[in-house]
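These protein sequence lines are chains W and R, in that order. Mind the numbering: the first sequence is residues 1 to 506 in the working numbering, read in order. Mind the numbering: the second sequence is residues 1001 to 1800 in the working numbering, read in order. Where a beta carbon is used, it is the ideal one built from N, C-alpha and C, also for glycine. To start, the structure under review is shown below, and the notes come after it.
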Amino acid sequence: MNMKTNKYILAGSLASILMLTGSCSDSFLDVKNPNGEPLEEYYTTDEHLLEALTAAYDPLHWPDWDGTAYNALNIDSEILGDDFWVGGNSISDNQHWHKLFNFEGDGNNTLATLWTDFYSGVKRCNDVIKYCSWGGSTAENRASYTAQARLLRVYYYNILWHFYGNVPFYLENLEMPYTAPQLTADEIYDQLIPELEDIIKSNVLPMRWDDANAGRVSQAMAYMLYAELVMYQKDTERYPTALGYMKEIIGSGKYDLMPSYADIWKESGEWGIEAIFEVNYNDDNAQRDWGTPKSVGGTVLPTLCAPNQWPGGDGWDSGSDGWGFMPVRLETYEMYAEGDTRRDATCWDVRGVSYNERYQDTHIWLGKYRPYSDNCKDCPTSKNLNYNNNLRIYRFAETLLNAAELVLQTGGSAGDAAQYVSRVRQRAGLGSVSSVTGNDIIEERHLEFVGEGKRYFDLVRSGLAATTLVPDKYGYRTNSWTENKKHIPLAQSELDADPSLKPNNY
Amino acid sequence: MRGGVSPRFADPYNITDINGNTVKGYGTDWQDQVFNDGAPIMQHDLSISGATEKFNYYLSMGYIDQEGIVGGNYGHSNYDRLTLRSNNSYTLFDDSKERSFLNKMVIGANVSYMRVHNTGIDANSTWGSVLGSALYMAPTLPVTVTGATADDMVAQFSKYDLFRDANGNPYTIPGYFGSYGEQNNPVAMLQGNPTKNWSHKFMPKFTVDLQIWDNIKYHFSYSAEQSFWGSDGATTQKFYLSGNNNSDHTYASAYKGNNSTWQVENTISYDKTIGAHTFSVLLGQSATKFKGDELGGGRWDLVNPAKPSINYATGDIVYSEDANGNITGASAHFNVYGGPYTEHRLSSMFARVGYDFDERYMLQATVRRDGSSRFGSNNKYGVFPSFSLGWNIMNEKFMESTRKWLNNMKLRVSWGKNGNDNIGDFLYTTLTSMGNNYYFGKNSNMTIGSKANRLANADLKWEESEQTNIGIDLGFFNSALTFTADYFIKKTNGMIIEMPIPSYVGESKPYGNVGDMENSGIEFELGYRGRVGDFNYSVKANASYLHNELKNLGNDTGFLNYGISQFSDGGTRAENGQPFPFFYGYKTAGVFQNTDEVAAYVNKDGEMIQPDAVPGDLRFVDMNKDGKITSDDRTNIGNGTPDWTFGINLGAEWKGFDFNLFLQGVTGVDVFDATYRQDMVSGNYPNWMLGRWTGEGTSNRVPRLALGDSKNWVCSDIYVQDGSYMRLKNISLGYTLPRALTQKVKINRFRVYVMAENLFTWTKYWGYDPEIGTSSTSLGVDYGVYPQARTYTVGFNLSF
């Protein structure tokens, strides 16, 4: 054997020994994720806790389109009410809305994505509360983040409770076997109210956030949520407290009616003096697109409820897309009194314009969220999906009307209640009233909140649903609302995945 | 019968298209418009090999250029591939005759290279793909619009630059004339610039074989795969196809990715024969590492649409201002993304012993310990033993008498365990994930959000499959007739699947080793070779039967439903004791022909089972006998796993002519035709809808068609079709010129041939292709698959 051969052998053996030793050790199998960090190490700073809190707000903007279904929060309740038709391409377009509209929803035709979206919210809120308990940041900031997450969590549950009633409930995230007890609607209420009272009592959150933080839940938002909960539950014992909260908002000087009703719905009206809670959408540099529906961006709501193949005009360019959902009923347009400025802000009347007519088309559309090309022009992705309209959840007008109703309900005078109602009416260009009844207030709410997702729940809690939500003369709605329809069906897939869930008696 | 709407056409036998032209026959045949008949394929292969005492070499080169059968004539779905390969081995020294120690060393160096170019096309989607749209487009829509109609349509989309044909007529925008949802004019789609994909792959392999001692061998191999791939996309005009498929700007994008995988293996083996006993032992180690990264981006506003590139585009941050010059919004007209992939590493040790007695009894046992980076620290490793036994009965003394007719008889038994780590990375742990942002502030400023990325399962471990095999090989008449039979049973334990938990957990669901699956079956192969004078022929047939059963899904209910897009009240389903997955829906028993039949369909108490039904509605079977039709009546209505798979190969040779035929088929399989979009009312319907119920006695399978009627179109067996087929996969005829002739021009072999692939398919399935090819939870569901092409080949083989 010559020297050359020896060298080959040596080189070969060395190479293989290196490989052998290099790959045999356990650490070889430890790889790092290039895009993630262990939670316990990460959520220890103020910046990162704030990120977790931001992620808890994130699901608020999903329901209009979360990649699976269109379930814009206001449409979800308006389709159950008496101001709109469902519309769309046909009766099978977004079929779950058509089914629920006619009170014939089922496990496959329900608001399934609203459920999954807002349980994601619950889960993230639970996480924020846990991360804050690990002690990062300052005690003051932790208290604020925790209070926001707790309040947001009550809000998410409140929506699930309104639609579904009897829902699984958990305040700490689930572990094996990943099931939570399903509570009855009354039990959910009994859980949410003390939690909300505790958050309010802690007084951690400001009555109103500064402009830079608009979008965060505030003390005023907590008060509105409280009033909504107790009034829907008809928990009269708590009415005085709720009235007190309304008066506190009214007296705070932080909120007021906007002088012009129409201005509320403009981009400049977002987070105006009247806004107590809004879900923020924006077209600027929107990341949201069809493939990334949960990324931040604008909303598809104006596209959903706008005419199809619009020829251009009224601030909306031709070639824009409208899908024709939620045509406003003619009766809704006609219920407004002469001079009521709310009619033209609420109803976009295009009865003179020809375009591709869709199902149940009335040529009257919801003006509050009507599309303007200007509102999606700065989005680099799909314009359909990225209108910048914030979704108005709670407005000061509702504070006044809540106060009026609670005054009457707590034995106050019709005159005192009328003062609150008058403020709302005067802003709308109508005369003041000196005395109001409970039904007057429900009617004023009707005129004030068309398309804002309030009407159906007002009908249910005021007992008017069974007589109002009845077959119409057009043959669209053929079934009547009954007490069983108060809670919509749970999704079949959830009933399948958790056999202990009891379906609603729909 | 018209579902309560006024008729769209006053006289359906005399209709005009939107240009005012009479629609002849069936109007526009959209499928014909997008299929590229006579798409050419060109293929070349060349190889050289040779050997000297010390050096072996093999060089080959291949090239294929294939035009797609859908849109290939417009530059979509085309494919070309170049392959180069060089395999070399070099005997460094061979002194095995002279000494025992370190007496032989052979090194091998193989390199191969592959380059692929292709242009993509969407398929198997009912959401606006070329094929899906072609199925939906109304035949009353023409491909292009002319005259005043065209002017109006162009005016409606004046922001855009519509695709036009060679005569300057704009392609029809379906949405302008009706409600077609996401569907596009498929011919217009083909006018767009296709995304051009490319890839380069280098695969070097280096081996060393060293004889350390007479019977002790050391083997080392290092192989690597270096892949580079990417795509270039461009939007060269501001097109409009539909509301969800348009662009108000031009755009260029590019994407590049690469990965590098290496694998190293070291083994040392020892063989020894003592008399009739042969022993062998092998010890080994191997390790694999995969890593890679990607980078991509794009930019708006091409300077010259004919030269689309990121550098030759002007997109920048664009600010919008109000009348007073205040900035009101901003938008970035470019994007970029990229980063490393998560590494995947494997590390294994293994040992194998073999024993052979007198070529009669054979035994082999292996044990391996595999480690994967995809499992948590307690579960990284799995140990997988296996063994096999063989009995060569023919070599027994008592079989000597049969050898005249039975010349081979072997019995095989094997059992083994295997591991699978083919799952995502980091499923065992929860880490942060970014991109969960929200807007705060009056001006809606984006705020970064992060969260826990998943519910983790720290106990996730190797998925184990355990396979037992028993087989027999028989050979008769000097192996002219051969027969092989095998029985196998494969149990997969701890199948890694997404855990079937409720969605109200509020997070993407964890994966777990939750499922147990069992596949068992038999396989037969029968062959015969014969000769009559100059005529040689052979027949080979194989058939296998597979029984698939989900033993345990690992949740309380024992089932889990998966949807089929657009179909309510069913879909595919996993359930204990059933094949995985199966189609789950209602079983039907014909169509109610009249009200008497509805009234006569009663339960044991005499109550009507479907009181709301009208004539023309489906009669659903009350599976659970509770007297009414509810979601509990859903049942197994078929599955996409074939019972039998078979193949037949015929070959013949006569005086230089050669003939070959290959048939392949499956039986006992179903296809769920999910190409019908129920929410699309104005589009075209599948032609089986022509056979729907329109009055007493018209149909007992397809129900009445009525707008807004959803109960007849739930997931039921009317969509389930027999997916059995037999396909003439390949048939060829060749002729090899006599060698004496070709040798004169130094040609060793010259063969010309004609060949056809997929020439005939015998099937009852009404869709494009019964070979659906989808897998996992949507096995057998047809959303409009890209069909296999029928190809004809004329070619020659030449060897020197």
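TODO: Return the residues of the region 1500-1521 of chain R that lie within a Cβ-Cβ distance of less than 7 Å from chain W, sorted by chain order.
DONE: So the list reads Pro-1500, Ile-1501, Pro-1502, Ser-1503, Tyr-1504, Val-1505, Gly-1506 and Glu-1507, given in the order they occur along the chain.
Task: Min CB distance Ile-1496 of chain R to chain W below 8 Å - done: Taking the second sequence and counting its residues from 1, one reaches residue 1496 of chain R at position 496. By this cut-off, Ile-1496 of chain R is not an interface position.
Open item on the list: Determine, for Asp-1556 of chain R, whether the minimum Cβ-Cβ distance to residues of chain W falls below 8 Å.
Closed with: Here residue 1556 of chain R refers to the residue found at position 556 of the second sequence. Taking Cβ atoms only, chain W reaches closer than 8 Å to Asp-1556 of chain R, which makes this a yes.
- [ ] Given a cut-off of 8 Å, decide if Val-1781 of chain R and Phe-1672 of chain R are closer than it, judged by their beta-carbon atoms.
- [x] If you number the second sequence from 1, residue 1672 of chain R lands on position 672. If you number the second sequence from 1, residue 1781 of chain R lands on position 781. A Cβ-Cβ contact shorter than 8 Å links Phe-1672 of chain R with Val-1781 of chain R.
Task: Beta-carbon proximity list for Ile-1472 of chain R, same chain, < 6 Å, skipping 5 on both sides - done: The residue given as residue 1472 of chain R occupies position 472 in the second sequence. Cβ within range, chain order: Leu-1411 and Ala-1485.
TODO: Enumerate in chain order the residues of its own chain whose CB-to-CB distance from Met-1137 of chain R is below 8 Å, with the five nearest sequence positions on each side excluded.
DONE: Stepping through the second sequence from its first residue, residue 1137 of chain R is reached at position 137. Sequence-distant Cβ neighbours of Met-1137 of chain R in its own chain, meaning closer than 8 Å and more than five residues away, are Thr-1028, Trp-1030, Pro-1174, Tyr-1180, Gln-1183, Asn-1185, Pro-1186, Gly-1683 and Asn-1684.
- [ ] Give the secondary structure of Cys-347 of chain W by DSSP, where H, G and I count as helix, E and B as strand, and everything else as coil.
- [x] Taking the first residue of the first sequence as position 1, residue 347 of chain W is located at position 347. DSSP places Cys-347 of chain W in strand when its eight states are reduced to three.
TODO: Could you name the residues of chain R that Cys-305 of chain W contacts, counting a contact when the two beta carbons are closer than 9 Å?
DONE: Here the question's residue 305 of chain W lines up with position 305 in the first sequence. Counting only Cβ-Cβ distances below 9 Å, Cys-305 of chain W has no contacts in chain R at all, with the closest Cβ about 14 Å away.
Task: beta strand (DSSP E) segments (min. 3 residues) lying fully within the region 1496-1532 of chain R - done: Listed in chain order, the complete beta strand (DSSP E) runs (minimum 3 residues) inside the region 1496-1532 of chain R are 1511-1532.
Task: Pro-38 of chain W in three-state terms, based on DSSP - done: Reading the first sequence from its first residue, position 38 is the one you call residue 38 of chain W. Reduced to three states, the DSSP call for Pro-38 of chain W is strand.
Task: Length-filtered (4 minimum) alpha helix (DSSP H) runs lying within the region 412-446 of chain W - done: DSSP runs (the alpha helix (DSSP H)) wholly in the region 412-446 of chain W: 414-427.
Task: Where the region 1413-1440 of chain R meets chain W: residues whose CB sits under 9 Å from a CB there - done: Residues passing the 9 Å Cβ filter: Asp-1425, Phe-1426, Thr-1429, Thr-1430, Leu-1431, Thr-1432, Ser-1433, Met-1434, Gly-1435, Asn-1436, Asn-1437, Tyr-1438, Tyr-1439 and Phe-1440.
Task: Span separating the alpha-carbon of Thr-1572 of chain R from that of Ser-1401 of chain R - done: In the second sequence, counting from the first residue as 1, residue 1572 of chain R sits at position 572. In the second sequence, counting from the first residue as 1, residue 1401 of chain R sits at position 401. Spanning the two alpha carbons is a distance of roughly 57 Å.
Task: Segments of 4+ residues assigned as alpha helix (DSSP H) that fall wholly inside the region 476-501 of chain W - done: Fully enclosed alpha helix (DSSP H) runs of 4 or longer: 492-497.
Task: Contact set between His-487 of chain W and chain R, taken where Cβ atoms lie within less than 8 Å - done: The count along the first sequence starts at 1 and reaches residue 487 of chain W at position 487. None at all; the shortest Cβ gap to chain R is about 16 Å.
Task: Given Arg-1081 of chain R as reference, the closest of R:Asn-1087, R:Met-1061, R:Ala-1051 and R:Tyr-1074 once Cα atoms are compared - done: Taking the second sequence and counting its residues from 1, the one referred to as residue 1081 of chain R is at position 81. That would be R:Met-1061, whose Cα lies nearest to the Cα of Arg-1081 of chain R.
Open item on the list: Quick check on Val-122 of chain W: does DSSP put it in helix, strand or coil?
Closed with: As a position in the first sequence, residue 122 of chain W is number 122, starting the count at 1. DSSP places Val-122 of chain W within a helical segment (H, G or I) once states are collapsed to three.
- [ ] With DSSP as the reference, label Ala-69 of chain W as helix, strand or coil.
- [x] What you label residue 69 of chain W is simply residue 69 of the first sequence in a count that begins at 1. Taken through DSSP and simplified to helix, strand or coil, Ala-69 of chain W comes out as coil.
Task: alpha helix (DSSP H) runs contained entirely in the region 177-230 of chain W, provided each spans 4 or more residues - done: Whole alpha helix (DSSP H) segments, 4+ residues: 185-202.
Task: Partners in chain R for His-48 of chain W, counting only beta-carbon separations shorter than 9 Å - done: As a working note, residue 48 of chain W is residue 48 in the first sequence. Here the neighbours are Thr-1432 and Ser-1450.
TODO: Note down, in chain order, each residue of its chain lying with its Cβ closer than 7 Å to the Cβ of Gly-1243 of chain R, except the 5 sequence neighbours on either side.
DONE: Reading the second sequence from its first residue, position 243 is the one you call residue 1243 of chain R. Cβ neighbours of Gly-1243 of chain R beyond the five flanking positions: Gly-1175.
TODO: Return helix, strand or coil for Asp-1065 of chain R, following the three-state DSSP convention.
DONE: By one-based count along the second sequence, residue 1065 of chain R stands at place 65. It is a strand residue.
TODO: Within 10 angstroms of the Cβ of Pro-471 of chain W, are there 16 or more other Cβ atoms? Answer buried if so, exposed if not.
DONE: By one-based count along the first sequence, residue 471 of chain W stands at place 471. Under this definition Pro-471 of chain W is an exposed residue.
Task: Within chain R, the residues that Tyr-42 of chain W reaches when beta carbons sit closer than 8 Å - done: As a working note, residue 42 of chain W is residue 42 in the first sequence. For Tyr-42 of chain W, the neighbours in chain R by C-beta distance under 8 Å run, in chain order, Thr-1432 and Ser-1450.
Task: Under 9 Å (Cβ pairs) to chain W, residues found in the region 1613-1629 of chain R - done: Those would be none; no residue qualifies.
Task: Short-range partners of chain W found in the region 1166-1193 of chain R, where Cβ spacing is below 8 Å - done: Contact residues of the region 1166-1193 of chain R toward chain W are Gly-1175, Tyr-1176, Gly-1178, Ser-1179 and Gly-1181 (C-beta to C-beta distance below 8 Å).
- [ ] Write down every uninterrupted run of the beta strand (DSSP E) in the region 1264-1321 of chain R whose length is 3 residues or greater and which is fully enclosed by it, in chain order.
- [x] Whole beta strand (DSSP E) segments, 3+ residues: 1277-1300 and 1317-1321.
Task: Straight-line Cα distance separating Val-300 of chain W from Tyr-70 of chain W - done: Here residue 70 of chain W refers to the residue found at position 70 of the first sequence. Here residue 300 of chain W refers to the residue found at position 300 of the first sequence. The straight-line gap from Cα to Cα measures roughly 9 Å.
Open item on the list: For chain R, check one thing: does any of its Cβ atoms lie closer than 8 Å to the Cβ of Gly-269 of chain W?
Closed with: Here residue 269 of chain W refers to the residue found at position 269 of the first sequence. It does not; no Cβ of chain R falls within 8 Å.
Open item on the list: Counting only C-beta atoms, is Asn-1536 of chain R closer than 8 Å to chain W at any point?
Closed with: The sequence position of residue 1536 of chain R within the second sequence is 536, counting from 1. Asn-1536 of chain R does not count as touching chain W.
Task: Identity of the residue in W:Asn-74, W:Arg-142, W:Tyr-131 and W:Ser-434 nearest Leu-114 of chain W by Cα - done: For this step, residue 114 of chain W is matched to residue 114 along the first sequence. It is W:Asn-74 whose Cα lies nearest to the Cα of Leu-114 of chain W.
Task: One or two residues paired with Pro-1801 of chain R in a DSSP bridge - done: Not covered by the structure: residue 1801 of chain R. The range shown for chain R is 1001 to 1800.
Task: Gln-191 of chain W at chain R interface by Cβ criterion, 8 Å - done: Translated into the one-based positions of the first sequence, residue 191 of chain W becomes position 191. No, Gln-191 of chain W does not count as interfacial toward chain R.
Task: Option in W:Gly-165, W:Tyr-359 and W:Val-353 with minimal Cα separation from Leu-192 of chain W - done: Along the first sequence, read from residue 1 onward, the residue named residue 192 of chain W stands at position 192. The residue among W:Gly-165, W:Tyr-359 and W:Val-353 with its C-alpha nearest the C-alpha of Leu-192 of chain W is W:Gly-165.
Open item on the list: For a cutoff of 8 Å on Cβ pairs, would you count Glu-37 of chain W as touching chain R?
Closed with: As a position in the first sequence, residue 37 of chain W is number 37, starting the count at 1. Answer yes: the Cβ-Cβ gap between Glu-37 of chain W and chain R drops below 8 Å somewhere.
Open item on the list: Could you give the first and the last residue of the continuous alpha helix (DSSP H) run that contains Thr-511 of chain W?
Closed with: The structure shown has nothing for residue 511 of chain W, since chain W only spans 1 to 506.
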